[in-house]
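What follows is a single structure, written as C-alpha cells, with notes after it.
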Amino acid sequence: MKEIEIVIPVLSKDYSELDAVERGLVDAARKATSGAYVPYSHFRVGAAILLDNGVTVTGANQENVAFPSGTCAERSACYYAGANYPDAHFQMLAIASVGTDGRECEPPTAPCGACRQALLEYELRAGHHVPVLLVGRETIYRLPSVASLLPLAFTEF
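In the working numbering, the protein residues as written are 6 to 162.
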C-alpha cells in the first residue's frame, strides 16, 4: 500500500493585496449576491467569470420549492457564459457568499461538487488553468485553477 498526499496551493490575501483585475472580479461576485433568489436557505451566492474577450458574466443562486430544481451561482454564470459567448474562454472566476445572518461569509465559501465539475469542463475547454478567487468578508483565497478545487476529477487537466 502506498499513501498519496494531495496538496492544494492556496494564497490567502486581503482585498488591498489584489491587482485591479482581481478586485474587479471580486466586486462583481459580491454584487452578484444581490441577484440571488433564496426564499428557503437565505444563503446568497454570487459568481463572476472573466472571459478572454474582456466580458465579465455573473450569476447568482436561484432556489425553487421543487428542490433540486434550482441552480447554484457558479453554474448559473458558467452556463450563461457558454450559451451567450460560445467562442470565449474563461480567464478567472470569483465566488462570494452572504450567510443567513446577512453578512458576507468568513471564511470564504467553496463551490459544491457539481459546480466544481461543471467549472472544470470550462477550464478544460479553455486549455489553460483558470484561477479561482474564493471571497470572504476579510480573506480572499486565490487558487491556481478550478482543477485544484477538484482533485481526482472525472477528467484530468
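For every residue, glycine included, the Cβ atom is placed at its ideal position computed from N, Cα and C.
If distances are taken between C-alpha atoms only, which option among the options comes closest to residue i?
i	options	result
Asn69	His47, Ser150 and Val151	His47
Leu157	Thr38, Glu79, Leu125 and Pro136	Leu125
Gly51	Tyr146, Thr114, Ala71 and Asp19	Thr114
Val26	Gly59, Gly141 and Val43	Gly59
Val137	Arg121, Leu98 and Tyr85	Leu98
Val31	Ile13, Pro14, Leu16 and Ile54	Ile54
Leu23	Phe159, Thr160 and Thr144	Thr144
Val62	Cys83, Ser17 and Arg147	Cys83
Tyr146	Met6, Ile13 and Asp106	Ile13
Tyr127	Ser150, Gln67, Phe95 and Arg49	Phe95
Arg121	Asp57, Thr105 and Cys77	Cys77
Arg80	Ser21, Ala71, Gln67 and Tyr90	Gln67
Check whether the Cβ of residue i lies closer than 9 Å to any Cβ atom in chain C.
i	result
Phe159	Looking at the structure shown, chain C is missing, and only one protein chain is on hand.
Residue i to residue j, Cα distance in whole Å?
i	j	result
Ala152	Ile100	15 Å
Glu10	Leu155	14 Å
His134	Gly40	28 Å
Ala119	Leu16	24 Å
Need the endpoints of the beta strand (DSSP E) that residue i sits in, please.
i	result
Val137	Val137 to Val140
Ala152	Note, Ala152: premise wrong, no beta strand (DSSP E); not H, not E.
Thr61	Thr61 to Ala65
Following the continuous alpha helix (DSSP H) through residue i, name the residue where it begins and the one where it ends.
i	result
Lys36	Ala25 to Ala37
Ser46	Here Ser46 belongs to no alpha helix (DSSP H), and DSSP marks it neither H nor E.
What three-state label does DSSP hand residue i in the structure shown?
i	result
Leu125	helix
Tyr90	coil
Ser81	helix
Ser102	strand
Ser165	Because the chain spans 6 through 162 in this model, residue 165 falls outside it and cannot be assessed.
Considering only heavy atoms of the ligand SAM, does any lie closer than 8 Å to the CB of residue i?
i	result
Thr105	Here there are no bound small molecules, and the ligand SAM is not part of this structure.
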